[in-house]
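First the structure, in the form of structure tokens, and then the observations on it.
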Amino acid sequence: MDLLYFAWVREAVGTGHERIDLPDGIGTIAALLDWLAARDPRHAAAFADRTRLRAAIDQRFVALDAPLDDAREVAIFPPVTGG
Amino acid sequence: MDLLYFAWVREAVGTGHERIDLPDGIGTIAALLDWLAARDPRHAAAFADRTRLRAAIDQRFVALDAPLDDAREVAIFPPVTGG
Amino acid sequence: MIRVLVSPEPIDVTTELARIEALEAGAVATFTGIVRADDGVSLLDLEHYPGATETALETLAAEAVAHWRLTGAIIVHRIGAMRPGERIVLVATAASHRAAALDACACLIDRLKTEAPFWKRETRGRETRWVDARDADHAAADRWKTTLSDQ
Amino acid sequence: MIRVLVSPEPIDVTTELARIEALEAGAVATFTGIVRADDGVSLLDLEHYPGATETALETLAAEAVAHWRLTGAIIVHRIGAMRPGERIVLVATAASHRAAALDACACLIDRLKTEAPFWKRETRGRETRWVDARDADHAAADRWKTTLSDQ
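Residue numbers (numbering that gives the first Met the number 0), protein chains in the order written: chain D, 0 to 82; chain V, 0 to 82; chain G, 0 to 150; chain U, 0 to 150.
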């Protein structure tokens with residue numbers, strides 16, 4: 000699975016892209032964030048305040064409790080500020 | 000007093016500008032239109048339906064019953080259609 | 000900055016946009032009216048009331064600038080003969096924030112249509128006729144009166 | 000006609016306006032966002048989500064075209080580094096009548112601000128910080144939901 004990070008999430012995690020093998024039993028984005036945070040302190044710091052995070056699965060915006068199903072690409076980022 | 004006519008009012012009257020000496024006793028635009036209509040059939044035809052007319056005194060939009068006071072320029076025209 | 004121009008020359012949108020963008024205001028909104036090509040009109044002729052028209056447009060622009068605290072407002076209206084595809088009118092507004100620029104732009108074009116002395120004459124084939132005023136235009140202009148009276 | 004462009008190149012308003020005016024639709028509205036020079040920002044950097052951003056903008060444009068029966072909609076958003084006075088975003092809409100063009104333009108810029116994946120980073124002097132999302136932007140975008148759901 001491809002993981003993408005943008006803006007300050009990217010800076011906090013330390014990379015804009017990583018590829019992972021999703022372990023069994025991780026069914027939602029929230030669970031994925033927990034698993035990533037447990038592996039690495041930078042991820043833990045980036046994901047500490049979930050209210051500041053937004054997500055997309057395969058380039059579609061979803062809530063953090065959205066099921067991962069057969070997601071190929073998950074993106075984690077702050078609320079958008081374009082325009 | 001200068002009288003100006005625009006759009007179809009101008010075409011109906013047959014001129015865009017005329018200069019008149021306002022007789023005593025004509026106190027409003029409506030009275031002025033009556034006086035002009037009595038003098039000339041083209042004016043009478045142009046002013047027949049007052050609901051189709053708008054007016055300005057010294058370049059300010061006013062109602063047809065507005066007092067002429069010391070008006071130097073009176074304009075008669077249809078509702079505007081710019082933009 | 001307020002700029003009002005009533006002229007028989009084609010409207011130069013690029014130059015006018017450069018003027019209003021030079022204010023570096025953050026938000027610029029424009030409205031451009033174009034002679035429609037889809038309803039059989041071959042020629043549109045715009046008559047105006049010299050002097051009174053410019054005064055009316057300057058008054059509208061000044062009221063919008065005051066109400067929305069605009070950085071600038073431009074109104075350019077073409078007069079005389081024009082053809083389908085050509086610009087009739089350009090309204091451009093600049094403000095610090097987008098809602099002010101957008102609302103002021105909409106207000107100016109709505110009010111211009113009912114409060115500035117212009118008259119349109121259309122030619123379709125051999126027929127030429129003066130365009131009638133539309134009730135919908137008055138309704139559109141009226142809805143701004145409440146807005147502008149709330150200070 | 001729908002055109003979406005996300006690019007690090009300066010936004011060419013003249014060319015985009017020519018595209019949308021070429022539709023000869025009667026009414027063209029535009030909104031241009033410009034990096035403000037008045038609040039101490041020396042550099043603005045725009046990050047985006049390649050692919051997802053373009054898709055989001057195309058979806059917004061398509062919904063506006065369908066709802067207001069637009070003749071065309073253009074969204075151009077700059078990415079990368081830009082300086083005060085430079086254009087960040089251009090929205091242009093064309094319709095037969097002015098209210099459709101103006102409302103669609105306002106809707107697109109409001110929705111773009113909350114629904115398209117862009118992130119702004121400002122540099123003021125030596126300090127660089129990511130811009131926070133604004134509650135007011137969400138309120139502005141939300142008011143279009145009722146409009147767009149009325150068919």
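All residues carry an ideal CB built from backbone N, CA and C; glycine is no exception.
In whole angstroms, give me the CA-to-CA distance for residue i and residue j.
{"i": "Pro40 of chain V", "j": "Val61 of chain V", "result": "25 Å"}
{"i": "Thr70 of chain G", "j": "Pro83 of chain U", "result": "16 Å"}
{"i": "Ser95 of chain U", "j": "Arg9 of chain D", "result": "44 Å"}
{"i": "Thr145 of chain G", "j": "Ala55 of chain G", "result": "19 Å"}
{"i": "Leu45 of chain U", "j": "Glu62 of chain G", "result": "36 Å"}
{"i": "Ala105 of chain U", "j": "Leu32 of chain V", "result": "46 Å"}
{"i": "Phe117 of chain G", "j": "Trp34 of chain V", "result": "27 Å"}
{"i": "Ile78 of chain U", "j": "Ile10 of chain U", "result": "10 Å"}
{"i": "Ala6 of chain D", "j": "Ile87 of chain G", "result": "44 Å"}
{"i": "Ala93 of chain G", "j": "Asp68 of chain V", "result": "41 Å"}
{"i": "Ala54 of chain D", "j": "Leu43 of chain U", "result": "24 Å"}
{"i": "Gly39 of chain G", "j": "Glu126 of chain G", "result": "11 Å"}
{"i": "Leu147 of chain G", "j": "Val64 of chain G", "result": "11 Å"}
{"i": "Asp131 of chain U", "j": "Leu63 of chain D", "result": "19 Å"}
{"i": "Glu57 of chain U", "j": "Glu114 of chain G", "result": "38 Å"}
{"i": "Asp48 of chain V", "j": "Ala135 of chain G", "result": "22 Å"}
{"i": "Thr58 of chain D", "j": "Pro77 of chain V", "result": "Per the sequence presented here, residue 58 of chain D reads as Gln, with Thr not at that position. Looking at the two C-alpha atoms, the distance is approximately 57 Å."}
{"i": "Phe46 of chain D", "j": "Tyr4 of chain D", "result": "11 Å"}
{"i": "Met81 of chain U", "j": "Ser6 of chain U", "result": "12 Å"}
{"i": "Ala100 of chain G", "j": "Trp67 of chain G", "result": "8 Å"}
{"i": "Ile73 of chain U", "j": "Thr14 of chain U", "result": "11 Å"}
{"i": "Ala52 of chain V", "j": "Gly82 of chain V", "result": "The sequence given here has Leu at residue 52 of chain V, not Ala. Distance between the alpha carbons of Leu52 of chain V and Gly82 of chain V is about 20 Å."}
{"i": "Arg71 of chain D", "j": "Arg2 of chain U", "result": "28 Å"}
{"i": "Met0 of chain U", "j": "Ala17 of chain G", "result": "26 Å"}
{"i": "Leu133 of chain U", "j": "Glu85 of chain U", "result": "Here residue 133 of chain U is Arg; the residue named in the question, Leu, does not match the sequence. Each residue's Cα considered, the two are about 22 Å apart."}
{"i": "Leu4 of chain U", "j": "Asp102 of chain U", "result": "21 Å"}
{"i": "Ile19 of chain G", "j": "Asp23 of chain V", "result": "52 Å"}
{"i": "Ala36 of chain G", "j": "Gly124 of chain G", "result": "13 Å"}
Please check the pair residue i and residue j, which I expect to be a contact at CB under 8 Å, by giving their CB distance rounded to whole angstroms.
{"i": "Trp129 of chain G", "j": "Arg120 of chain G", "result": "5 Å"}
{"i": "Val75 of chain U", "j": "Leu89 of chain U", "result": "5 Å"}
{"i": "Ala139 of chain G", "j": "Ala98 of chain U", "result": "7 Å"}
{"i": "Val73 of chain V", "j": "Ile56 of chain V", "result": "6 Å"}
{"i": "Ala11 of chain D", "j": "Ala37 of chain D", "result": "Their Cβ separation, rounded to whole angstroms, is 16 Å, which puts Ala11 of chain D and Ala37 of chain D out of contact at 8 Å."}
Bridge partners of residue i, per DSSP?
{"i": "Phe5 of chain V", "result": "Phe5 of chain V is not bridged to any residue."}
{"i": "Pro66 of chain D", "result": "D:Thr27"}
{"i": "Gly79 of chain U", "result": "U:Leu45"}
{"i": "Lys119 of chain U", "result": "U:Leu45"}
{"i": "Leu89 of chain G", "result": "G:Thr31 and G:Val75"}
{"i": "Phe76 of chain V", "result": "V:Arg53"}
{"i": "Val12 of chain G", "result": "For Val12 of chain G, which the question treats as bridged, DSSP gives no partner whatsoever."}
{"i": "Arg125 of chain G", "result": "Paired residue(s): none; Arg125 of chain G is not in a bridge."}
{"i": "Ile1 of chain G", "result": "G:Ala72"}
{"i": "Phe127 of chain D", "result": "The structure shown does not extend to residue 127 of chain D, since chain D spans only 0 to 82, so no value can be given for it."}
{"i": "Ala55 of chain G", "result": "Per DSSP, none; premise fails for Ala55 of chain G."}
{"i": "Ala94 of chain U", "result": "U:Ala26"}
{"i": "Arg38 of chain D", "result": "In the DSSP output, where bridge partners are listed per residue, Arg38 of chain D has none listed."}
{"i": "His66 of chain U", "result": "Answer is none; His66 of chain U lacks a bridge partner."}
Kindly list, in the order they appear in chain D, the residues whose Cβ is closer than 7 Å to that of residue i.
{"i": "Glu46 of chain U", "result": "Phe5 and Ala6"}
{"i": "Thr54 of chain U", "result": "Gln58"}
{"i": "His76 of chain U", "result": "Gly81"}
List, in chain order, every chain U residue whose beta-carbon is nearer than 9 Å to that of residue i.
{"i": "Thr50 of chain D", "result": "Within chain U, no residue comes near Thr50 of chain D; the closest Cβ sits about 11 Å away, beyond 9 Å."}
{"i": "Ala74 of chain D", "result": "Tyr48, Ala51 and Pro116"}
List the residues of chain D that residue i touches, going by C-beta distances under 8 Å, in chain order.
{"i": "Gly39 of chain U", "result": "What Gly39 of chain U touches in chain D: nothing, since even the nearest Cβ is about 18 Å away."}
So which residues of chain G does residue i contact, with C-beta pairs closer than 8 Å?
{"i": "Pro77 of chain V", "result": "Trp118, Trp129 and Ala132"}
{"i": "Pro83 of chain U", "result": "Glu23"}
{"i": "Leu69 of chain U", "result": "Simply none; closest approach about 14 Å."}
Using the beta-carbon of each residue, which ones in chain V are nearer than 8 Å to residue i?
{"i": "Val88 of chain G", "result": "Gly81 and Gly82"}
Find the residues of chain G that neighbour residue i, judging by a C-beta separation of less than 7 Å, and give them in chain order.
{"i": "Ala55 of chain V", "result": "Ala51"}
{"i": "Thr13 of chain U", "result": "Thr13"}
{"i": "Leu16 of chain U", "result": "Val12"}
Quick one: list the residues of chain U neighbouring residue i, beta-carbon separation under 8 Å, in chain order.
{"i": "Ile33 of chain G", "result": "Glu20, Glu23, Ala24, Gly25, Ala26 and Val27"}
{"i": "Ala153 of chain G", "result": "Residue 153 of chain G lies beyond the stretch modelled for chain G, which goes from 0 to 150, so this question has no answer here."}
{"i": "Leu101 of chain G", "result": "Phe30, Leu101, Cys104, Ala105 and Ile108"}
If the cut is a Cβ gap below 9 Å, which residues of chain G does residue i touch?
{"i": "Arg97 of chain U", "result": "Phe30, Gly32, Ala105, Ile108, Asp109, Lys112 and Ala139"}
Under 8 Å: does the beta carbon of residue i sit that close to some heavy atom of the ligand ATP?
{"i": "Thr54 of chain G", "result": "Inclusion of the ligand ATP in the displayed structure is not the case, the ligand content being empty and no account of it being possible."}
**Request:** Could you tell me whether the region 19-39 of chain U touches the region 21-41 of chain G, using the rule of 3 or more Cβ pairs below 8 Å?
**Result:** Cβ pair count under 8 Å is three or more, so yes.
**Request:** Evaluate the contact criterion for the region 102-110 of chain G versus the region 47-54 of chain G: three or more CB pairs, one atom per stretch, below 8 Å.
**Result:** no
**Message:** Contact between the region 15-27 of chain D and the region 13-21 of chain V is defined here as three or more beta-carbon pairs at a separation below 8 Å; is this criterion met?
**Reply:** no
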